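Participant: For this note's numbering, add 320 to where a residue sits in the sequence shown, where the first one is 1.
Quick reminder that beta carbons are idealized off the backbone N, C-alpha and C, glycines included.
Computed from a predicted structure; not experimentally measured.
Below you will find the structure I want to go over with you.
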Amino acid sequence: MSSAQALYRLQEIELALLRNQKRLNEITAILADSHAVAEARSQAEATQQALAPLQARTRQLELEIQSNADKIRATDEHLYSGRVRNPKEMQDMQQEIQSLKKRGANLEDTLLDVMLAVEEAEARLQAAQAQLQQVTADWENQNRQLVDEQTRLKAEQARLHQQRKQALEAVDADSLAVYNALKPRKQNQPVAVLEGDTCSACGVEQTRAIISETDRGATLAKCLSCGRILVRKTARG
Ligand SMILES: [Zn+2]
Numbered sequence: 321m322s323s324a325q326a327l328y329r330l331q332e333i334e335l336a337l338l339r340n341q342k343r344l345n346e347i348t349a350i351l352a353d354s355h356a357v358a359e360a361r362s363q364a365e366a367t368q369q370a371l372a373p374l375q376a377r378t379r380q381l382e383l384e385i386q387s388n389a390d391k392i393r394a395t396d397e398h399l400y401s402g403r404v405r406n407p408k409e410m411q412d413m414q415q416e417i418q419s420l421k422k423r424g425a426n427l428e429d430t431l432l433d434v435m436l437a438v439e440e441a442e443a444r445l446q447a448a449q450a451q452l453q454q455v456t457a458d459w460e461n462q463n464r465q466l467v468d469e470q471t472r473l474k475a476e477q478a479r480l481h482q483q484r485k486q487a488l489e490a491v492d493a494d495s496l497a498v499y500n501a502l503k504p505r506k507q508n509q510p511v512a513v514l515e516g517d518t519c520s521a522c523g524v525e526q527t528r529a530i531i532s533e534t535d536r537g538a539t540l541a542k543c544l545s546c547g548r549i550l551v552r553k554t555a556r557g
């Protein structure tokens with residue numbers, strides 16, 4: 321293996337390490353932030369909060385209707401008890417019964433409206449709770465997959481670190497210095513494959529001299545345009 325090929329192998333391993341690390345960082349961020357679940361939960365809570373006053377209003381109306389009916393019954397009983405003889409008083413009581421009945425009818429209408437609103441709010445609550453359940457299940461499922469992926473990637477990283485150590489042993493100090501100096505300026509890709517007579521990184525055709533230097537592999541040939549170390553890819557990659 322030439323120095324360029326050893327560097328290329330090192331680069332492939334380091335790029336894989338970077339890719340895995342990027343994904344591991346993403347997974348860590350996702351696992352820390354269950355935004356969808358939080359949103360569904362607050363939606364369910366808001367729906368619950370909207371329902372409570374409607375239920376209270378229903379109970380209140382039912383009590384008012386009950387008390388109104390009691391008053392009608394009491395007035396009615398009094399009116400026909402035989403104790404009221406004064407026609408004016410009897411007429412007043414009949415009028416009061418009428419007005420109580422009217423009030424009762426109004427209360428019943430209002431109660432119907434409120435009960436309808438309660439039904440709608442209950443349906444919304446049920447939907448919100450179902451949604452929360454679904455989102456939570458999805459989240460747990462996604463977490464399981466993410467945790468599995470995280471475990472797999474961590475093992476992969478350990479393997480790659482081991483491979484990197486071995487790859488470094490095959491690289492001489494001078495070549496490594498050139499590689500490390502170029503790395504930050506070439507987006508972590510200081511080595512480019514020479515494809516035919518073209519640098520695969522920048523697409524510029526190389527001179528005959530550079531091509532034969534690359535093919536010999538005795539020294540580090542560099543792309544005349546982007547300055548990357550050129551390597552001829554072997555069959556085993
Ligand atoms: Zn180039």
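(1) In the DSSP assignment, what residue or residues form a beta bridge with Leu514?
(2) Evaluate the contact criterion for the region 395-406 versus the region 449-468: three or more CB pairs, one atom per stretch, below 8 Å.
(3) Applying the criterion that 16 or more other CB atoms from any shown protein chain within 10 Å of the CB defines a buried residue, is Tyr499 buried or exposed?
(4) Smallest Cα separation from Trp459: which of Met321, Ala358 and Lys503?
(5) Report whether the distance from the Cβ of Arg569 to the nearest heavy atom of ligand 1 is below 6 Å.
(6) Starting from the Cα of Thr348, find the closest Cα among Arg377, Ala487, Ser387 and Leu466 and give me that residue.
(7) Hey, Leu374 and Leu445: beta-carbon distance below 7 Å or not?
(8) Bridge partners for Lys542 per DSSP, in chain order?
(9) Can you determine whether any heavy atom of ligand 1 sits closer than 6 Å to the C-beta of Ala561, and answer yes or no?
(10) Threshold first: 3 residues or longer. Then list the beta strand (DSSP E) segments lying entirely within the region 439-518, N to C.
(11) How long is the line joining the alpha carbons of His355 and Glu440, rounded to whole angstroms?
(12) With distance defined between alpha-carbon atoms, name the residue in Glu365, Ile417, Lys506 and Ala443 nearest to Asn388.
Facilitator: Taking the coordinates as given:
(1) Here residue 514 refers to the residue found at position 194 of the sequence shown. According to DSSP, Leu514 bridges with Cys519.
(2) no
(3) Against the sequence shown, residue 499 aligns to sequence position 179. It is buried - the Cβ of Tyr499 has at least 16 other Cβ atoms within 10 Å.
(4) Numbered from its first residue, the sequence shown carries residue 459 at position 139. Answer by Cα proximity: Ala358.
(5) Outside the shown range of the chain (321 to 557) lies residue 569, about which nothing can therefore be said.
(6) On the sequence shown, residue 348 is found 28 positions in, with the first residue counted as 1. Nearest option by C-alpha distance: Leu466.
(7) Residue 374 sits at position 54 when you count from the first residue of the sequence shown. Residue 445 sits at position 125 when you count from the first residue of the sequence shown. The answer is no: Cβ separation not under 7 Å.
(8) Translated into positions along the sequence shown, residue 542 becomes position 222. The partner list for Lys542 (beta bridge, DSSP) reads Ile549.
(9) Since the first residue of the chain shown is 321 and the last is 557, residue 561 is not available in this structure.
(10) 511-515
(11) If you number the sequence shown from 1, residue 355 lands on position 35. If you number the sequence shown from 1, residue 440 lands on position 120. Those two C-alpha atoms are separated by around 27 Å.
(12) As a first step, residue 388 must be located in the sequence shown, where it is residue number 68. Checking every option, the nearest Cα to that of Asn388 belongs to Ile417.
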